[in-house]
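Count the sequence shown with the numbering used here and you get residues 62 to 312, in order.
Using N, Cα and C, we set each Cβ at its ideal position, and we do this for glycine too.
Worksheet: the structure to be examined is printed underneath.
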Amino acid sequence: CATADDCHAAGRFGLNLHTTDGGETWKQEWANCRRPCPGSQYGRFLYDIVMTSPTTGVLGGTGWLFRTTDGTNWMEASNEGSDQPGIDIDMISPTTGVLAQHSYSWKTTTDGGDTWTWHLLPERYFNWFLAGADAYDANQDGDLDHVWLAGCVSVNTGQTCRASAILHSPDGGATWTDYTLEPGSPMLDNIEMADETTGWASGEEGLLVFTEDGGDTWTRIDVPVDAKLEDRKSTRLNSSHIPLSRMPSSA
């Protein structure tokens, strides 16, 4: 949400809802395609939406990425490289951000989501399957410093996981280190770092892990649920970082 009253929510079949009264009412805002898509408006899955202000934001879908400059109208962005779904977006500023794709690739923008640059991970990660992304500007100069990508080591680059996995780059994607959980651990779908050292990742089967060394090591947190943890955000309370997880209603 850009403010307490101004918020967006995105989902399946082009659903992109916008409220300006704190959720009392919602209005559908269709995303418009430049290149051919099914119909003149995008009607496939939308995975993530990030508003950097009440008027500017980015939106990730299946093969299409979109942006708004007025908070209402959404136009297709320039989408270099792979058309894999844009699953998770994190913006460190109104202009700069990262995006995880459902593959072994990721994307970056430096112009507020108008264009996205495609990046392949090193070849040793070509059997990884990504779902979550987070970034952190350590020196506050507007450039990407730390980047984290979460997902799993997959079987034949598919969605069947062999082990939960997280990648960390301390230099904007120039170099990577990896951490994998035990064999058979499920997919990690989300990652949220409160700063360059402290963060959480969550995913299937109630999996929630925590780091306080920037991602060099991760510790499991037991939660009373074995369903998918859909999302998590972090906040500060009495100088401590507290993870907040949203669980499915069926949990």
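8 Å Cβ cutoff met for residue i and residue j
i	j	result
T123	P97	no
E273	H207	no
L107	Q89	no
P212	A235	Before going on, a small fix: residue 212 reads as Gly here, not Pro. Cβ distance not < 8 Å, so G212 and A235 don't count as in contact.
G83	A65	yes
L181	K168	no
G104	F74	yes
G158	T170	yes
G173	P155	yes
D250	G267	no
Proximity to residue i [Cα-Cα], best of the options
i	options	result
M248	R223, R185, L205, N93	R223
T238	T278, E291, M112	T278
Q102	F187, M112, W125, A161	W125
T259	T80, G173, H229, C94	H229
A92	T116, P115, A138, T81	A138
T116	T81, L210, P244, P183	T81
Y197	R281, D131, Y165, G275	G275
M136	I150, I148, G121, W261	G121
E141	S166, I150, W189	S166
V214	P231, L205, E243	E243
D195	W189, A262, T241	A262
S246	T178, W179, K289, Q162	K289
Residue i burial status per 10 Å Cβ neighbour count (16 or more: buried)
i	result
V119	buried
A226	buried
A199	exposed
V216	exposed
E85	exposed
M152	buried
S311	Any reading at S311 needs caution, since the residue's pLDDT is 34, under 50, leaving its predicted position unreliable; the model's value is listed next. The residue in question, S311, is exposed, as its Cβ has fewer than 16 Cβ neighbours within 10 Å.
C94	buried
C68	buried
T221	exposed
F187	exposed
D202	exposed
G264	buried
D149	buried
S114	exposed
L298	Bear in mind that the predicted position of L298 carries a pLDDT of just 32, short of 50, making it unreliable; the figure below should be weighed with that in mind. So L298 counts as exposed.
T280	exposed
Any non-hydrogen atom of the ligand SAH within 7 Å of residue i CB
i	result
V214	With respect to the ligand SAH, the structure offers nothing, as it holds no ligand at all.
For residue i, the first and last residue of its enclosing beta strand (DSSP E)
i	result
G173	Premise fails: G173 is in no beta strand (DSSP E) and is neither H nor E.
V214	207-215
T250	Per the sequence shown, residue 250 should be read as Asp rather than Thr. Note, D250: beta strand (DSSP E), 249-254.
Q162	158-162
C68	68-71
V111	107-112
A63	Neither: A63 is in no beta strand (DSSP E) and is coded neither H nor E.
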